[in-house]
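Numbering (the numbering used here), first residue to last: 1 to 778. All C-beta atoms, glycine included, are put in the ideal place defined by N, C-alpha and C. This structure is a prediction, so every number in the text was calculated from the model and none was measured. Beneath this line is the structure, given in structure tokens, with notes to follow.
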């Protein structure tokens, strides 16, 4: 981030750092940086568990770093005495949120997440996002798998991880290339840190063979959990020719059957390999060691091997811990050209053989076994390569990535808003204008004007506001009651005959039209998406999901620009919880592509916008495109969203730096400049949300400044120098030529409180600090 420019707008809600510190918990200066590493852990039998244990142990040996554990447990895993900050049951979504709250409370400096799709709950491991979304500490994610052709759900999860991560670690250059090319990752965030390996002296194999009963064989070794993708059939098929030339050759297959495979098929795969070796007449030259061995025994087997073999069948493997270990112990490696192998194996330390090429393996292995000097030289070359990957070096690389993440979070930026009654989220005024039917649309001063009744636009804004409070961690029956009131209004508004929502209802509860405007229908879909994503109670979430599904075909046909933007925002939230929902995905792509086309039509050097004139809720348009670009991993969408928002910022900025929203009286004339007054709270609210969406996507401080400047508008940093907020959570309806419009309608109150929630979340105030009551009990 860049520091705030000298001419940044002054504001009454941006205090000195000293003023903020009195609201933060006071702790002693730590002696070590505390790391929480999230992953599986022994005795669970998987590669991630072993890796997590090794990373944790090596980090704890570094001066200045202390690494604690957050264990991921599967359904069959029993609790052990291994100390852990907390434990997460893989398929229990609430455990992820509780773990985040625990880590926030402990003041952890960095959270290191070992990512593999299969170890986290939810579709494609999406539950891990519930943890990351709530964390206040920097997050560093190690990507153990990077998929070249992801499914829709996998792409969505990875895009979300990249957006939230402060740093991302991959173990091979190919992994970094895929993150950049396929997922649109920020290259500055990505660090290559090779898989760590044990530090052992170079040794001749023969001194280890006797203890394993491998004398006097020339040992070929493959290690790892057995599964069809390992290509063991390729090497078994090569053994008859190898044995014909070298009768002392023995192929050792070390490892248990993969638990997931064993759970489904038992030992059918292993039995098939044994039968194949018997059919080929080489059963006496192949030894299956059916065991999940500990590291000491594994290193003994590796040390006893003359050649290490990886006959994998698929190129798409970015990381192989077994290959890294073999090279580090000085083993010549004969491998198929999967991605990790191509970066480490060459003619100096072994050879690459085509996938499934048994004859090729025969040729290379036979040649090496016939030339002891070449075999020794290849082993020494491998050992030299492996010295760069020992755990000590790996821990240093991890620590550097952690420090980078911490430093970037500490770069200068504008202070957080001062904690005042006006800028803290509150439901007092919202409750005041809500009755058993819904939320009153208008007010005369602070008194409900029942002549105007209700509208769905305000009901769904209120429903979105409830989810903003949910994001901040609030739970009470007031929220529950309001949420169900607004949800019931929305449900009643749906007209299945027109496949549209009604909008306006009179105070006597009579609908005034058969269907509402496209904008009100799009905004309703947005609220359903937010509720489906963030709703606290399962029944409410299920209601939102079901109604969104019914509404979806109608939402896909909305032609209004803003209706499409609201629909995009709802679709992004829906896909957070249902990444495989193809109908919502297609709708998101369709509407986002439509925004791109509109921008290309109207874009000009002095008018970088989506339509020829500025109207209302303007910042929602770039916000929607930024959100779509991030969700779809589309850098082109993200770039245009940011570009248009930056242009809008120049339009909405007064010469003295204050926020100046486009006035509601601005004429609908092409390229007409906005009117100065008749500024509405929804413009400031939309700008706060859009700027924070841009900030979350880029971490550039200019967007945080933009959000804070728009938020300050509510508190007097505006053309009139008058605050629009009051001490009971209310908000006046706008700025006019003569001062304030002192009516307090639902739209204005909701705009203030949505902005307060957004800024509280952005500055972590709402999550970390106790807040005053958000409303009276109902």
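Run through DSSP, which three-state label would residue 607 get? In the chain shown, the residue the question calls residue 607 occupies position 607. Three-state result, residue 607: strand.
Between the Cα of residue 454 and the Cα atoms of 435, 429, 445, which residue gives the shortest distance? Locating residue 454 in the chain shown gives position 454, where the first residue counts as 1. Closest option to residue 454, Cα to Cα, is 435.
In angstroms with no decimal places, state the Cα-to-Cα distance between residue 626 and residue 514. Taking the first residue of the chain shown as position 1, residue 626 is located at position 626. Taking the first residue of the chain shown as position 1, residue 514 is located at position 514. Each residue's alpha carbon lies about 34 angstroms from the other.
With DSSP as the reference, label residue 591 as helix, strand or coil. Stepping through the chain shown from its first residue, residue 591 is reached at position 591. Residue 591 falls in the helix class under three-state DSSP.
Which runs of the beta strand (DSSP E), 3 residues or longer, sit entirely within the segment 343-414? 350-352
My understanding is that residue 623 touches residue 689, with C-beta atoms under 8 angstroms, so please give their C-beta distance in whole angstroms. For the purposes of this step, residue 623 is identified with residue 623 of the chain shown, where counting begins at 1. For the purposes of this step, residue 689 is identified with residue 689 of the chain shown, where counting begins at 1. Confirmed, Cβ separation roughly 6 angstroms.
Sort out for me which residues DSSP pairs residue 112 with in a bridge. Here residue 112 refers to the residue found at position 112 when the chain shown is read from its first residue. According to DSSP, which records beta bridges pairwise, residue 112 is partnered with 37, 140.
CB contact flag (residue 238, residue 358, <8 angstroms): In the chain shown, counting from the first residue as 1, residue 238 sits at position 238. In the chain shown, counting from the first residue as 1, residue 358 sits at position 358. Contact flag set, yes.
Can you tell me the Cα-Cα spacing of residue 631 and residue 640, whole angstroms? Translated into the one-based positions of the chain shown, residue 631 becomes position 631. Translated into the one-based positions of the chain shown, residue 640 becomes position 640. A straight line joining the alpha-carbon of residue 631 with that of residue 640 spans about 15 angstroms.
Following the continuous alpha helix (DSSP H) through residue 51, name the residue where it begins and the one where it ends. For this step, residue 51 is matched to residue 51 along the chain shown. Per DSSP, residue 51 belongs to the alpha helix (DSSP H) from 47-60.
Quick one, which of 73, 699, 39, 67 has its alpha-carbon nearest residue 144's? The residue you call residue 144 lines up with position 144 of the chain shown. Nearest of 73, 699, 39, 67 to residue 144, Cα basis: 39.
Would you call the CB atoms of residue 633 and residue 159 closer than 8 angstroms? Walking along the chain shown from the start, residue 633 turns up at place 633. Walking along the chain shown from the start, residue 159 turns up at place 159. Yes, Cβ-Cβ distance for residue 633 and residue 159 is below 8 angstroms.
In angstroms, rounded to a whole number, what distance separates the CA positions of residue 675 and residue 646? Position 675 of the chain shown, counted from the first residue, corresponds to residue 675. Position 646 of the chain shown, counted from the first residue, corresponds to residue 646. Their Cα atoms are separated by approximately 19 angstroms.
Tell me, which residues are paired with residue 454 by DSSP? As a first step, residue 454 must be located in the chain shown, where it is residue number 454. 440, 505.
If you draw a straight line from the C-alpha of residue 3 to the C-alpha of residue 705, how long is it? Along the chain shown, one-based indexing puts residue 3 at 3. Along the chain shown, one-based indexing puts residue 705 at 705. For residue 3, the pLDDT reaches just 36, beneath the cut-off of 50, and the residue's location in the model is therefore unreliable, although a value from the coordinates is still provided. So the two alpha carbons sit approximately 10 angstroms from each other.
Rounded to whole angstroms, what is the Cα-Cα separation between residue 520 and residue 431? The count along the chain shown starts at 1 and reaches residue 520 at position 520. The count along the chain shown starts at 1 and reaches residue 431 at position 431. Residue 520 and residue 431: Cα-Cα distance of roughly 22 angstroms.
For residue 688, which three-state DSSP category applies? One-based indexing of the chain shown puts residue 688 at position 688. Residue 688: helix per DSSP, three-state reduction.
Can you give me the C-alpha to C-alpha distance between residue 308 and residue 299, rounded to a whole angstrom? Here residue 308 refers to the residue found at position 308 when the chain shown is read from its first residue. Here residue 299 refers to the residue found at position 299 when the chain shown is read from its first residue. Residue 308 and residue 299: Cα-Cα distance of roughly 12 angstroms.
Would you mind stating whether residue 758 and residue 468 have Cβ atoms separated by less than 8 angstroms? Here the question's residue 758 lines up with position 758 in the chain shown. Here the question's residue 468 lines up with position 468 in the chain shown. Going by C-beta atoms, residue 758 is nearer than 8 angstroms to residue 468.
Given a cut-off of 8 angstroms, decide if residue 579 and residue 152 are closer than it, judged by their beta-carbon atoms. Along the chain shown, one-based indexing puts residue 152 at 152. Along the chain shown, one-based indexing puts residue 579 at 579. The answer is yes: Cβ separation under 8 angstroms.
Please confirm whether residue 339 and residue 318 have their CB atoms less than 8 angstroms apart. Residue numbering aside, residue 339 sits at position 339 when the chain shown is read from its first letter. Residue numbering aside, residue 318 sits at position 318 when the chain shown is read from its first letter. A contact, by the Cβ cut-off of 8 angstroms.
Decide yes or no for the touch test of the segment 177-185 against the segment 275-287: beta carbon pairs closer than 8 angstroms, at least 3 of them. no
Name the two residues that bound the continuous beta strand (DSSP E) containing residue 167. Taking the chain shown and counting its residues from 1, the one referred to as residue 167 is at position 167. From DSSP, the beta strand (DSSP E) with residue 167 extends over 167-170.
Backbone secondary structure at residue 568 - three-state DSSP: Counting from one through the chain shown, the residue named residue 568 turns up at place 568. Helix, per DSSP.
Using beta-carbon positions only, say whether residue 782 and residue 429 come within less than 8 angstroms of one another. The requested residue 782 does not occur in the structure, where the chain is confined to residues 1 to 778.
So, helix, strand or coil for residue 254, using DSSP? As a position in the chain shown, residue 254 is number 254, starting the count at 1. Of the three classes helix, strand and coil, the one that applies to residue 254 here is strand, per DSSP.
Range covered by the beta strand (DSSP E) that runs through residue 218: The residue labelled residue 218 in the question sits at position 218 within the chain shown. It spans 218-223 - the beta strand (DSSP E) in which residue 218 sits, taken as one unbroken run.
Rounded to whole angstroms, what's the CA-CA distance from residue 518 to residue 733? Just pull it up for me. Here residue 518 refers to the residue found at position 518 when the chain shown is read from its first residue. Here residue 733 refers to the residue found at position 733 when the chain shown is read from its first residue. The straight-line gap from Cα to Cα measures roughly 24 angstroms.
Buried or exposed by the 16-neighbour rule on C-beta atoms within 10 Å, applied to residue 320: Residue numbering aside, residue 320 sits at position 320 when the chain shown is read from its first letter. Result: buried.
Tell me the DSSP secondary structure of residue 486 in three-state form. As a working mapping, residue 486 is identified with position 486 in the chain shown. Here residue 486 sits in helix by DSSP.
From the DSSP output, in three-state form, read off residue 659 for me. As a position in the chain shown, residue 659 is number 659, starting the count at 1. If DSSP states are grouped into helix, strand and coil, residue 659 belongs with the strands.
CB residue 786 to CB residue 135, shorter than 8 angstroms? Outside the shown range of the chain (1 to 778) lies residue 786, about which nothing can therefore be said.
Nearest residue (CA-CA) to residue 567, options 551, 577, 582: Reading the chain shown from its first residue, position 567 is the one you call residue 567. That would be 551, whose Cα lies nearest to the Cα of residue 567.
Look up residue 757 in the DSSP assignment and say whether it is helix, strand or coil. Counted from its first residue, the chain shown places residue 757 at position 757. Helix at residue 757.
Which residues does DSSP pair with residue 739 in a beta bridge? Counted from its first residue, the chain shown places residue 739 at position 739. Answer is 736, bridged to residue 739.
What residue from 58, 737, 224, 52 has the CA that sits closest to residue 395's CA? Taking the chain shown and counting its residues from 1, the one referred to as residue 395 is at position 395. Taking only the C-alpha atoms, the option nearest residue 395 is 58.
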